[in-house]
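Here our numbering runs 381 ahead of the position in the sequence shown, where the first position is 1. Accompanying notes for the structure given below.
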Amino acid sequence: MLSNLKPEIIAVLISLFSLVVAAFSLGWNIYRDVILKPKLKVGFGVREIFHENFPQTLTKLIITATNFGPGQINCNMVQCKNAPVWRRILRKVKYAVVIHDYKNPMSGQLPSKLNVGEKLDLIFPFDKDSFLSEPFTHVGLSDSFGRNHWAPRKDVREARKNYLQEFRNNKA
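Put into structure tokens, the structure is as follows:
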């Protein structure tokens, strides 16, 4: 089939094909570098910390964040949101910022830069005055792009259930 075509037409077809490949490559580079932002996977829960030097286990609230890329991401602050369905419908969603415990040597620090594949663990006290005393439906981290990365709601519900079991009955 190509043997019937003139060499000039073959050259034009090859040039058009290379133009399509170059346009696709340019579009992908713009999408990758400008539009595509890093993804942060956030987890949240009540966890226990064991160590041979501790007289008893430590029960803490832990927020974990893992950068799934592409590229570096800056985690800035811990955000909470109270947004059940009725609040979303009435546009009465409440937001809060949790001040991080900078004195805890076991905890990561905010703000924090995470490269692809790196993980950040933030540790908060699990006591009756913790931020779980409020009925938040979402807990997460905000990044330098202005986006909020929320932990799964199942994690938040389970942690809130643990909090209520522990401190609703023990008012002391």
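Ideal placement from N, C-alpha and C gives every residue a C-beta, glycine not left out.
1. Just list the residues that DSSP pairs Trp-583 with in beta bridges.
2. Let me know if Trp-467 comes out buried or exposed under the rule of 16 or more other beta-carbons within 10 Å of its beta-carbon.
3. Does DSSP put Phe-505 in a helix, a strand or coil?
4. Relative to the C-alpha of Glu-429, which candidate in Ile-416, Ile-444, Gly-408 has its C-alpha closest?
5. Applying the criterion that 16 or more other CB atoms from any shown protein chain within 10 Å of the CB defines a buried residue, is Ala-477 buried or exposed?
6. Straight-line CA distance for Arg-549 to Tyr-483?
7. For the segment 489–504 against the segment 446–460, do three or more pairs of beta-carbon atoms, one drawn from each stretch, fall closer than 8 Å, so that the two count as touching?
8. The beta strand (DSSP E) spanning Val-340 covers which residue range?
9. Can you give me the C-alpha to C-alpha distance between Val-537 and Asn-410, rounded to a whole angstrom?
10. So Ile-470 is in the alpha helix (DSSP H); what residue range does that whole segment cover?
11. Enumerate in chain order the residues of its own chain whose CB-to-CB distance from Lys-420 is below 6 Å, with the five nearest sequence positions on each side excluded.
12. Given 8 Å as the limit, is there contact between the segment 532–547 and the segment 511–523, that is, 3 or more CB pairs closer than that?
13. Would you list the residues sitting across from Phe-431 in a DSSP beta bridge?
Inspection of the coordinates gives the following:
1. No answer is possible for residue 583: it lies beyond the span of the chain, which begins at 382 and ends at 553.
2. Position 86 of the sequence shown holds residue 467. Burial check for Trp-467: the Cβ neighbour count within 10 Å stays below 16, so the residue is exposed.
3. Numbered from its first residue, the sequence shown carries residue 505 at position 124. It is a strand residue.
4. Within the sequence shown, the letter at position 48 stands for residue 429. When each option's Cα is compared against that of Glu-429, the closest is Ile-444.
5. To locate residue 477, count along the sequence shown from 1; it is residue 96. With fewer than 16 other beta carbons inside 10 angstroms of its own, Ala-477 counts as exposed.
6. Position 168 of the sequence shown holds residue 549. Position 102 of the sequence shown holds residue 483. C-alpha of Arg-549 to C-alpha of Tyr-483: approximately 28 Å in a straight line.
7. Yes, the segment 489–504 is in contact with the segment 446–460.
8. Here the chain has residues from 382 to 553 only, and residue 340 is not among them.
9. Numbered from its first residue, the sequence shown carries residue 537 at position 156. Numbered from its first residue, the sequence shown carries residue 410 at position 29. So the alpha carbons of these two residues sit roughly 37 Å apart.
10. Here residue 470 refers to the residue found at position 89 when the sequence shown is read from its first residue. Judged by DSSP secondary structure, Ile-470 falls within the alpha helix (DSSP H) whose first and last residues are 466–470.
11. Within the sequence shown, the letter at position 39 stands for residue 420. Residues of the same chain with a CB within less than 6 Å of the CB of Lys-420, apart from the 5 flanking positions on each side, are Phe-449 in chain order.
12. Using a C-beta cut-off of 8 Å, the segment 532–547 makes contact with the segment 511–523, since at least three inter-stretch Cβ pairs fall below that distance.
13. Translated into positions along the sequence shown, residue 431 becomes position 50. Answer is none; Phe-431 lacks a bridge partner.
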